[in-house]
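Chemist: The letter at position 31 of the sequence shown is residue 31 when you use full-length UniProt numbering, and the numbering goes up by one with no holes. C-beta: ideal position from N, C-alpha, C; glycine also. Source: prediction; values computed, not measured.
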Amino acid sequence: MSQSQASLSFDHLVNRVKDALAEVTRRSDIGQLPAEASLIDDVGLDSMSVLAFFMALEERIGNFRIQVDELEHDDLQTIASVARFVHARVSAA
């Protein structure tokens, strides 16, 4: 699988989301959370840490930049919903 195919893989994106969350929260157990884990209830993100999380995620995705005005409330519910948001944007690029 090429790097571009790997970067579009949903599972790969879930792992990048988890990596960014682990960096921002400094929690070593993030990798063990299911993809449907809540960013607020299970991970513990708040409004300030969401910004740091998106900056960390952008670093891991490469040329992807998050446009805040494109985000919907549903895009920020779970690890998987963030991965789906990123996957849709990267696939469309």
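1. Along the chain, where does the alpha helix (DSSP H) that runs through Ser9 open and close?
2. Does the structure place the stretch 6-24 close enough to the stretch 55-72 that three or more beta carbon pairs sit under 8 Å?
3. Helix, strand or coil for Ser28 per DSSP?
4. What first and last residue would you give for the alpha helix (DSSP H) that runs through Glu70?
5. To the nearest angstrom, how far is it from the Cα of Lys18 to the Cα of Ala92?
6. By Cβ distance, which residues of its chain are closer than 8 Å to Arg60, with the 5 residues on each side in sequence left out?
Modeler: Looking at the atomic coordinates:
1. Against the sequence shown, residue 9 aligns to sequence position 9. Looking at the DSSP string, Ser9 is not in any alpha helix (DSSP H), and its letter there is neither H nor E.
2. Counting Cβ pairs under 8 Å, three or more are found: they touch.
3. Within the sequence shown, numbered from 1, the residue matching residue 28 stands at position 28. DSSP places Ser28 in coil when its eight states are reduced to three.
4. Taking the first residue of the sequence shown as 1, we reach residue 70 at position 70. For Glu70, there is no enclosing alpha helix (DSSP H), as DSSP marks it with neither H nor E.
5. Residue numbering aside, residue 18 sits at position 18 when the sequence shown is read from its first letter. Residue numbering aside, residue 92 sits at position 92 when the sequence shown is read from its first letter. Each residue's alpha carbon lies about 22 Å from the other.
6. The count along the sequence shown starts at 1 and reaches residue 60 at position 60. Within the same chain, Cβ atoms closer than 8 Å to the Cβ of Arg60 are found at Arg16, Asp19 and Ala20, the five residues on either side in sequence being excluded.
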